[in-house]
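Note that the working numbering has the sequence shown beginning at 5, numbered continuously upward. Think of the CB as a built atom: it goes at the ideal place given N, C-alpha and C, for glycine as much as any other residue. It should be emphasised that the depicted structure is a prediction, and the values quoted were computed from it without experimental measurement. Here the structure comes first, spelled out in structure tokens, and everything after it is commentary.
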Amino acid sequence: MFRPSRAWANDGFEAYRLATASNVHMHVHALPKSVLVHNVHAAATVGYKELKAQSAQKPLAALNNAVAYVASDGSVVQANLHESVASFQVHENPCADAWNGAERMPSVVALDPSTWIVSGMGSSIFVIEEQAQYMIHIPDIPDSEKESRQNRAANLPWYVFQAEAASDHVLFLLQRAFRLRDTHQTGFDIIRVAVCDRQPEILWHVTCAQPIMYAHCHGRQALLGAEVPVSTTDDTGSVPRVPPYTWKQDNQSVTVTFTLPLSVQKQQMHVSLSQQGFRVSLEAPEARIISLDECTSLEPQIVAEESLRRGLYEACTLWAPIHPDDSTWTWEPHAQHHVLALHLAKAHPGTRWPSVFSDDDGVSETLDASELTPMLDRTNKYTSSSLLQDGLEDEDWQNGTSWVISYVDANGLVSQAKDQATFLASSVSKSCLGIDPAILLKYDVDGHVFVPPRAPLSLDAWTHTETVPAISYVLASKRDAHPVYMYRNGLATWLIVIESRPYSAPKHSGSLIYIYGAPGSPRADHASLAPAALAEAVRRNEPPASGLCRVLSIDAGPILDVVVLPNQGERMVCLCESSLLIIDGAFSL
């Protein structure tokens, strides 16, 4: 899914050189109302997962020449920026008393140039338009899931993760935390909601054991990133299902084994073998009542029987061809079960199969322990540390967060990517419509920029568009830095790293902003080239051997959020608790 392209490698990269800040200009504006932050008792009432979910809700929203935030009294403050001047407008919130600084932490997102959406106060969202303000109540989750919802001790407020305006309706992606009574665990509901004429409709509902930290939506479809896979609400949970068969191989053959209950007789089996596949079916049994426990059984005999009766193996295409005349099947009775074994002769002896079927690799090969040792010995030379890795400490490899990408289709059906990725940063919020869906993933000491496939969305391979050399190693040295943003402007990829400074009298606490730029690898005009032409273009342009590092010292207080205004000369706007900082020239090469 995340396949790196060698064309974007920069083997000649040496270091990030310190760039001058002489062309950087900063303007500080005092806020009319301080920013809403967690109260001192938040940690006692809000769990770690819930705090992590709230951290994904950015305090500062931006659109065109305006930014907005939620003030400490619950109102929404809008700042209109024109050159070095900022004018403020306060929108009163009728639900301002619904926040408590812990479980209820309102946040704001921008929908269009004249609309702000406030959420995080309960089961409703608050819409602020130029001429009107109104509430939209999020309906209850459908009654089909009522039994599971009765086990919930509490449902926390809905947060708008993403908003998208369509021709005649608005699409929202919302997330909320819930707590379970029996296990005292925290989970998360994620819903896709369509609002037409102020009437909401839930399009689909999924759950996750961890909060989603990334979303890329198109219409009813969504790609969601979290530390664990997203699941549908009627899944059997995290209990793994026993595979219906096992398999093993040697150089000459593949053996597929079905373990069946004693109630299944040999006469009921129908097996046929062909060059490209096989067909295994089971005669329909007499009518009988099947208990719920039997339907969800983890016994391999029951799972195999039900799979055969449902016809899952009546038209199977093998990963590679076989010799059907040299293949056979056997029936082996045992005291507790029966075993159906298919002995398939490989048409190409010596070829190692990664899976039995061409379209399903969900069942791993059963390997004997004596076979694993020589296999590991043969692969050691390919997995041993390089000279560079030998010089790095263990903590240099521990930065980043492991992500699983899940795809939710228009009907709410979920599929997961097989690849896990180590996430480093996502794109910073920009004031122009449309969200940059690119993410930065860790790859050895580098960072690789990947963008998802275009609509319609799917789990197809993402496109590796840029490489940020050595940035994973750089971020590992700043373990206290939070948050980390990525900004792409076509000429370079920039990493914005915020590091808070502790309070020291007589100065107030502040922040350091590290801005790392990797210019020219690749250039924007290479995006449409074919792979061969792309590699040649990169060689011709000689990617630079050094990047830029610009360090800005901020004394206005800890930075809570950062946005970029591309239509104002790439101005960077930083939100502090009591001031707004506007920075010009931060992304100059």
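- Taking the Cβ atoms as the reference, Thr263 lies roughly 5 angstroms from His341, within the contact range of under 8 angstroms.
- In this structure Ala90 touches Leu584 by the C-beta definition: roughly 6 angstroms separates them, less than 8 angstroms.
- Non-local C-beta neighbours of Ala34 in its own chain, meaning closer than 6 angstroms and more than five positions away in sequence, comprise Ser583, ordered along the chain.
- Asp450 is classed as buried because its beta carbon has at least 16 other beta carbons within 10 Å across all chains shown.
- The three-state secondary structure of Val307, taken from DSSP, is helix.
- Classified as buried, Cys580 has 16 or more neighbouring CB atoms from the shown chains inside 10 Å of its CB.
- In the three-state reduction of the DSSP assignment, Glu336 falls in the strand class.
- For Tyr317, no alpha helix (DSSP H) segment is defined, and its DSSP state is neither H nor E.
- Looking at the backbone, the Cα of Gln189 and that of Arg183 are separated by about 6 angstroms.
- Remark: three or more beta-carbon pairs, one from each stretch, lie closer than 8 angstroms, so the stretch 310–327 and the stretch 270–285 are flagged as touching.
- Under the three-state reduction of DSSP output, Leu160 falls in the coil class, being neither helix nor strand.
- Straight through space, the alpha carbons of Asp464 and Ile439 are spaced by roughly 20 angstroms.
- The alpha-carbon separation between Gln58 and Ala11 amounts to approximately 38 angstroms.
- Bridge partners of His352 according to DSSP: none are assigned.
- When rounded, the separation of the alpha-carbon atoms in Met273 and Asp330 is 20 angstroms.
- About 17 angstroms separates the beta carbons of Tyr20 and Tyr489, which is beyond the 8 angstroms limit, so they are not a contact pair.
- Given a length threshold of 3 residues, each whole run of the beta strand (DSSP E) inside the stretch 414–462 is given here in chain order: 418–431, 443–447 and 450–455.
- The alpha-carbon separation between Ser476 and Phe454 amounts to approximately 15 angstroms.
- Contact check for Leu178 against Phe165 passes: the beta carbons are separated by less than 8 angstroms.
- Counting every other CB atom within 10 Å of its CB across the protein chains shown gives Arg202 a total below 16, marking it as exposed.
- Bridge pairing for His222: Gln225 [DSSP].
- Where Leu184 is concerned, the enclosing beta strand (DSSP E) starts and stops at Val174 to Leu184.
- By alpha-carbon distance to Ala522, the top candidate from Trp498, Asn571 and His209 is Trp498.
- Asn255 is classed as exposed because its beta carbon has fewer than 16 other beta carbons within 10 Å across all chains shown.
- Between Lys37 and Ser88 a beta carbon distance of about 21 angstroms is seen, past the 8 angstroms cut, so the two are scored as non-contacting.
- Shown here for Asn159: same chain residues with a beta carbon closer than 6 angstroms to its own, the five before and five after excluded, namely Phe182 in chain order.
- Excluding sequence positions up to five before and after Gly416, its CB lies within less than 6 angstroms of the CB of Trp208, all in the same chain and listed in chain order.
- It is roughly 46 angstroms from the alpha-carbon of Pro204 to the alpha-carbon of Gln305.
- For Gln214, the closest of Trp466, Ser406 and Gly514 by C-alpha to C-alpha distance is Ser406.
- A straight line joining the alpha-carbon of Tyr163 with that of Ser171 spans about 23 angstroms.
- Put simply, of Phe427, Val246 and Pro457 the residue whose alpha carbon is nearest the alpha carbon of Ile216 is Phe427.
- Across the set Pro353, Pro325 and Trp335, the C-alpha of Pro325 shows the shortest separation from the C-alpha of Val360.
- Trp12 carries a helical assignment under DSSP once its states are collapsed to helix, strand and coil.
- Around the beta carbon of Val94, a 10 Å sphere encloses fewer than 16 other beta carbons of the protein chains shown; the residue is thus reported as exposed.
- With respect to the C-alpha of Arg224, the residue from Asp116, Val197, Leu516 and Pro233 having the closest C-alpha is Val197.
- For Val418 against Val234, the beta-carbon gap comes to about 6 angstroms, under 8 angstroms, which counts as contact.
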